[in-house]
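Peer 1: Each protein sequence line maps, in turn, to chains A and B. Under the numbering used here, think of the first position of the first sequence as 13, with each following residue one higher. Under the numbering used here, think of the first position of the second sequence as 13, with each following residue one higher. Note that beta-carbon positions come from the ideal geometry of N, C-alpha and C, so glycine has one too. My questions will all concern the structure given below.
2 protein chains.
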Amino acid sequence: MLQDRFVEVQDLPRHAADPDTEVTIAGWVETTRVHARVAFLVVRDGTGLVQCVLPRGEVDEATWELGTGDLPQESTVEVRGRPKADARAPGGVELLITGLTLVHRAETYPIQPKEHGVEFLMDHRHLWLRSSQQRAGLRVRAEVMQGIHDFFHDRGFTRIDTPILTGAIGESAGTLFSTEYFDETAYLAQTGQLYVEAACPAFRKVYCFGPTFRAEKSKTRRHLTEFWMVEPEVAFADSDDNMRLQEEMVSYVVARALDRCAEELKVLERDTSGLEKVAPPFPRMSYTEAVEFLQSKGSEIEWGRDLGGADETVLAAESELPTFIYNYPKAAKAFYMKENPDDPRTVLCNDLLAPEGYGEIIGGSQREDDFHRLQTRIREEGLPEEPYQWYLDLRRYGSFPHSGFGLGIERTVAWITGRPHVREMIPFPRLMNRLNP
Amino acid sequence: MLQDRFVEVQDLPRHAADPDTEVTIAGWVETTRVHARVAFLVVRDGTGLVQCVLPRGEVDEATWELGTGDLPQESTVEVRGRPKADARAPGGVELLITGLTLVHRAETYPIQPKEHGVEFLMDHRHLWLRSSQQRAGLRVRAEVMQGIHDFFHDRGFTRIDTPILTGAIGESAGTLFSTEYFDETAYLAQTGQLYVEAACPAFRKVYCFGPTFRAEKSKTRRHLTEFWMVEPEVAFADSDDNMRLQEEMVSYVVARALDRCAEELKVLERDTSGLEKVAPPFPRMSYTEAVEFLQSKGSEIEWGRDLGGADETVLAAESELPTFIYNYPKAAKAFYMKENPDDPRTVLCNDLLAPEGYGEIIGGSQREDDFHRLQTRIREEGLPEEPYQWYLDLRRYGSFPHSGFGLGIERTVAWITGRPHVREMIPFPRLMNRLNP
Numbered sequence: 013m014l015q016d017r018f019v020e021v022q023d024l025p026r027h028a029a030d031p032d033t034e035v036t037i038a039g040w041v042e043t044t045r046v047h048a049r050v051a052f053l054v055v056r057d058g059t060g061l062v063q064c065v066l067p068r069g070e071v072d073e074a075t076w077e078l079g080t081g082d083l084p085q086e087s088t089v090e091v092r093g094r095p096k097a098d099a100r101a102p103g104g105v106e107l108l109i110t111g112l113t114l115v116h117r118a119e120t121y122p123i124q125p126k127e128h129g130v131e132f133l134m135d136h137r138h139l140w141l142r143s144s145q146q147r148a149g150l151r152v153r154a155e156v157m158q159g160i161h162d163f164f165h166d167r168g169f170t171r172i173d174t175p176i177l178t179g180a181i182g183e184s185a186g187t188l189f190s191t192e193y194f195d196e197t198a199y200l201a202q203t204g205q206l207y208v209e210a211a212c213p214a215f216r217k218v219y220c221f222g223p224t225f226r227a228e229k230s231k232t233r234r235h236l237t238e239f240w241m242v243e244p245e246v247a248f249a250d251s252d253d254n255m256r257l258q259e260e261m262v263s264y265v266v267a268r269a270l271d272r273c274a275e276e277l278k279v280l281e282r283d284t285s286g287l288e289k290v291a292p293p294f295p296r297m298s299y300t301e302a303v304e305f306l307q308s309k310g311s312e313i314e315w316g317r318d319l320g321g322a323d324e325t326v327l328a329a330e331s332e333l334p335t336f337i338y339n340y341p342k343a344a345k346a347f348y349m350k351e352n353p354d355d356p357r358t359v360l361c362n363d364l365l366a367p368e369g370y371g372e373i374i375g376g377s378q379r380e381d382d383f384h385r386l387q388t389r390i391r392e393e394g395l396p397e398e399p400y401q402w403y404l405d406l407r408r409y410g411s412f413p414h415s416g417f418g419l420g421i422e423r424t425v426a427w428i429t430g431r432p433h434v435r436e437m438i439p440f441p442r443l444m445n446r447l448n449p
Numbered sequence: 013m014l015q016d017r018f019v020e021v022q023d024l025p026r027h028a029a030d031p032d033t034e035v036t037i038a039g040w041v042e043t044t045r046v047h048a049r050v051a052f053l054v055v056r057d058g059t060g061l062v063q064c065v066l067p068r069g070e071v072d073e074a075t076w077e078l079g080t081g082d083l084p085q086e087s088t089v090e091v092r093g094r095p096k097a098d099a100r101a102p103g104g105v106e107l108l109i110t111g112l113t114l115v116h117r118a119e120t121y122p123i124q125p126k127e128h129g130v131e132f133l134m135d136h137r138h139l140w141l142r143s144s145q146q147r148a149g150l151r152v153r154a155e156v157m158q159g160i161h162d163f164f165h166d167r168g169f170t171r172i173d174t175p176i177l178t179g180a181i182g183e184s185a186g187t188l189f190s191t192e193y194f195d196e197t198a199y200l201a202q203t204g205q206l207y208v209e210a211a212c213p214a215f216r217k218v219y220c221f222g223p224t225f226r227a228e229k230s231k232t233r234r235h236l237t238e239f240w241m242v243e244p245e246v247a248f249a250d251s252d253d254n255m256r257l258q259e260e261m262v263s264y265v266v267a268r269a270l271d272r273c274a275e276e277l278k279v280l281e282r283d284t285s286g287l288e289k290v291a292p293p294f295p296r297m298s299y300t301e302a303v304e305f306l307q308s309k310g311s312e313i314e315w316g317r318d319l320g321g322a323d324e325t326v327l328a329a330e331s332e333l334p335t336f337i338y339n340y341p342k343a344a345k346a347f348y349m350k351e352n353p354d355d356p357r358t359v360l361c362n363d364l365l366a367p368e369g370y371g372e373i374i375g376g377s378q379r380e381d382d383f384h385r386l387q388t389r390i391r392e393e394g395l396p397e398e399p400y401q402w403y404l405d406l407r408r409y410g411s412f413p414h415s416g417f418g419l420g421i422e423r424t425v426a427w428i429t430g431r432p433h434v435r436e437m438i439p440f441p442r443l444m445n446r447l448n449p
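Below, the structure written as structure tokens:
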């Protein structure tokens, strides 16, 4: 057992109480500073950073030579020593070195503490992950994702994994990746929604949570070709229930990140005062009200057109909370959304706009549950009917009111962490011009 | 708010205490039985089933007519009534109907309580999900997956989502799906392993958990073209640590399913006596011992050949626990596995075989951390070197001992639920001849 030989840096404070304790850590050298009588090594082991103190004269000459000689950044070391509480040290503890072993001497590390271009950093993404802000951002991502699983599991939702490879065609055929599938063609799913709808009569409250794909030729800071999305779907829930679930989930996730990722948000220099106010209810504005508001601000938008990113920024700026815009024109939205009985030009749907200019993080709707209206919409959109027969079956055999939504993880984490670009919010981003590493 | 009007069937016992309580449920009619003076409707709402009692004379004639008339299976209804504790009833409660509303009259439901062929059922997978055994199996799957997330989260692992679309080539190029990616070709990942290895120096203990793809022309009961896999990776862990983590995780997941899915395992008629014994340590047999054992049983296997499914069944039959087979011949395993210093013909790796003939559920290994040996192996395998430069970087900049494994979800759930075929263990299976629905 190799693992039993090492203590993790995050556990060092526990060991610092007894002055005679000796422990061994294993990790990577971040920096070294050498003075005449003492040297300092900052070591990262993946659970934290610790400053290791090497006092000349108190260790043998070979250990001093090793610690102060050719020890490039990111070299792997085992450090034996006595943990000592020190309020000034990061993590509250220092390690007084008694022994040092070189596991692997690194070549000259390409990422230096200077301004690198983003393409250079992305080319070295497999190494860039080790940098403190990247670590912090991805820790928030991981906590947000676990939080989402917990939120739904605790509320009795059944997780339903929906297929990536699909013969049916999702939202817009122009932005699909396709692959040869034995004798057929398969498309990479843009959404699991149609499938989670099918699972509702079995489990009532369900969700899927996986990667989705868009072959969009966009190079904005909000777009990835591969991103993760959580999509809950609830039987016997209407559009109002749906918005309530959204504000509860988003508030839960933000509170959880604030609670459990305080250190990470500090590393990212995130001003959390806005996030601390996130709680239900969120402000709601109908699409029609939104258009009137935008026009009053001088916009030339006309009723019927979808909102653009600039419009969203203006609307979201009205509140420190995320803002719902609901009931868009039918023509601007997907075929499966339920016609609004009070205004059949619109559908029962909503977007949720994050504050601070982070834009749309959720799209949701009540689903069309009337067989004939749904079939008509499929025809109006010019979609092929045969692949949607199984979906229409859900309106043949016990149709039911139901609603759901999709939340994009990277946009949500970008907002929570205050980072400008979604590409840093996923470990290995895929962009139009980026498929490696 | 539509949702607030309904009580969930799983909560009916809570409401049954007060004899005057009236509640409304919404769900789907599974069966109806009509007698002269009373009728019974079994309604499924996705959280449970409840028998609803319709007493003629105590309801108005329209309600009696509706409940006893043309009400096909899977029709959607709202049932108002008084919950009444009844030890004989499934769920311990009956609902005395006081009002009945038809939400949607179903067409004649294609799945009937008779033997359908599996192709017919798979063609109707979107409806078959509603059947009790399918519901039970997928509930176990969902609990197992949440259990895995909790297991790793509680132990300080950071979740790292690895890309599906990748320019690098994984294990064996012959079984990859590919897609046009703007001006390049992308392959659908067969594993996230190489990427989680890159995340180890940032987070020490990491895991990925997502769909993976194999374009294999296999039609066995153990193969899917799209399946879910969890892949942890741990820095400063050797092959022994790795096996210990595997037996801990598998034991945790089995215990959790037994604890939280007792009802579902009963529906599946699972004999759980074997599962109840699953606890560390699991028996371990080296590959060399395994070959000798198989030869002693009359097999013609020779040292150096990989084990086949039939060999695995013979080996696993020796124990009620899952069985480790470790340190296979180098030639039978992937290039990234670490050479065994005690016997360089072999690598430090293991498979984990489930009992009762369920076969391999885990493959794991310590990874080759020596730059030159790894480069040599890449060349020996005839793999293109350029796409692996970033992976080799992990051995240039602070190489470190590390180990990990991959556990296939559908095989694991098939074993836990005692179902013969992995295709029922995923909501929408993808097989060589199955891309729909």
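When DSSP builds the beta bridges, which residues end up paired with residue 297 of chain A?
Peer 2: A/337
Peer 1: Which residue comes first and which comes last in the alpha helix (DSSP H) that contains residue 79 of chain A?
Peer 2: 73–80
Peer 1: Would you mind working out which of A/50, A/49, A/237 and A/22 sits nearest residue 102 of chain A, comparing C-alpha positions?
Peer 2: Per the Cα distances, A/22.
Peer 1: For a contact meaning CB atoms closer than 8 Å, what does residue 212 of chain A contact in chain B?
Peer 2: 58
Peer 1: What's the call for residue 87 of chain A, buried or exposed, on a 16-neighbour Cβ count within 10 Å?
Peer 2: buried
Peer 1: Looking only at DSSP bridge pairs, what is residue 116 of chain B linked to?
Peer 2: B/88
Peer 1: What in chain B is Cβ-close to residue 447 of chain A, meaning under 8 Å?
Peer 2: 177, 178, 179, 193, 196 and 198
Peer 1: Looking at the C-beta of residue 405 of chain A, does it have a partner C-beta in chain B at a distance below 9 Å?
Peer 2: Using beta-carbon distances, residue 405 of chain A counts as an interface residue toward chain B, with a partner under 9 Å.
Peer 1: Count the other CB atoms, across all protein chains shown, that sit within 10 Å of the CB of residue 307 of chain A; report buried if there are 16 or more and exposed otherwise.
Peer 2: exposed
Peer 1: So which residues on chain B does residue 72 of chain A lean against when the C-beta distance must stay under 9 Å?
Peer 2: Around residue 72 of chain A, no beta-carbon contact reaches into chain B at under 9 Å, the shortest distance being about 24 Å.
Peer 1: At what residues does the beta strand (DSSP E) containing residue 285 of chain A begin and finish?
Peer 2: Taken as a continuous stretch (DSSP letters only), residue 285 of chain A belongs to no beta strand (DSSP E), as it is neither H nor E.
Peer 1: Contact criterion: CB-CB distance below 9 Å. Does residue 118 of chain B meet it with respect to chain A?
Peer 2: When Cβ-Cβ separations below 9 Å define contact, residue 118 of chain B makes contact with chain A.
Peer 1: Please state if the CB of residue 60 of chain B and the CB of residue 24 of chain B are separated by a distance shorter than 9 Å.
Peer 2: Contact: yes.
Peer 1: Less than 9 Å between the beta carbons of residue 238 of chain B and residue 399 of chain A, yes or no?
Peer 2: no
Peer 1: Can you pull out the residues from the segment 92–124 of chain A whose beta carbon lies closer than 7 Å to at least one beta carbon of chain B?
Peer 2: 115, 116, 118, 119 and 121
Peer 1: Are the C-beta atoms of residue 305 of chain B and some chain A residue less than 9 Å apart?
Peer 2: no
Peer 1: Which same chain residues, not among the five before or five after residue 206 of chain B, have their C-beta less than 6 Å away from its C-beta?
Peer 2: 403
Peer 1: At the 9 Å Cβ level, is residue 229 of chain B part of the contact set with chain A, yes or no?
Peer 2: Yes - at least one Cβ of chain A is within 9 Å of the one on residue 229 of chain B.
Peer 1: Quick check on residue 400 of chain B: does DSSP put it in helix, strand or coil?
Peer 2: helix
Peer 1: Select from the segment 396–424 of chain B all residues with a C-beta closer than 9 Å to any C-beta belonging to chain A, and list them in chain order.
Peer 2: Answer in chain order: 399, 401, 402, 403, 405, 406, 407, 408, 409, 410, 411, 412, 413, 415 and 421.
Peer 1: From the DSSP secondary-structure annotation, give me the bridge partner or partners of residue 67 of chain A.
Peer 2: A/50
Peer 1: For residue 433 of chain B, which of helix, strand or coil comes out of DSSP?
Peer 2: coil
Peer 1: Less than 9 Å between CB atoms is the rule here; does residue 244 of chain B satisfy it with respect to chain A?
Peer 2: no
Peer 1: Among B/432, B/261 and B/377, which residue has its Cα nearest to the Cα of residue 415 of chain B?
Peer 2: B/377
Peer 1: Kindly indicate which three-state DSSP category residue 421 of chain A falls into: helix, strand or coil?
Peer 2: helix
Peer 1: Any beta-carbon of chain B closer than 9 Å to the one on residue 141 of chain A?
Peer 2: Closer than 9 Å to some Cβ of chain B, the Cβ of residue 141 of chain A qualifies, so yes.
Peer 1: Is the segment 24–38 of chain A touching the segment 116–131 of chain A, taking contact as three or more C-beta pairs under 8 Å?
Peer 2: no
Peer 1: Any Cβ of chain B within less than 9 Å of the Cβ of residue 222 of chain A?
Peer 2: yes
Peer 1: Could you tell me which chain A residues have their CB closer than 7 Å to the CB of residue 14 of chain B, listed as they occur along the chain?
Peer 2: 248, 249, 250, 253 and 413
Peer 1: Tell me whether residue 47 of chain A is buried or exposed, calling it buried when 16 or more other Cβ atoms sit within 10 Å of its Cβ.
Peer 2: exposed
Peer 1: In angstroms, rounded to a whole number, what distance separates the CA positions of residue 264 of chain A and residue 233 of chain A?
Peer 2: 26 Å
Peer 1: Answer yes or no: do residue 187 of chain B and residue 226 of chain B have a C-beta to C-beta separation smaller than 9 Å?
Peer 2: Cβ atoms of residue 187 of chain B and residue 226 of chain B: closer than 9 Å.
Peer 1: Excluding five sequence neighbours on each side, which residues of the same chain lie with their C-beta closer than 8 Å to the C-beta of residue 450 of chain B?
Peer 2: One cannot answer for residue 450 of chain B here, as it falls past the ends of chain B, which runs 13 to 449.
Peer 1: So is residue 278 of chain B in contact with chain A if we call contact Cβ pairs under 9 Å?
Peer 2: no
Peer 1: Measure how close the beta-carbons of residue 366 of chain A and residue 334 of chain A come, nearest whole angstrom, since I'm counting them as under 8 Å.
Peer 2: Sure, about 5 Å apart at Cβ, within 8 Å.
Peer 1: Are the beta-carbon atoms belonging to residue 16 of chain A and residue 363 of chain B less than 9 Å from one another?
Peer 2: no
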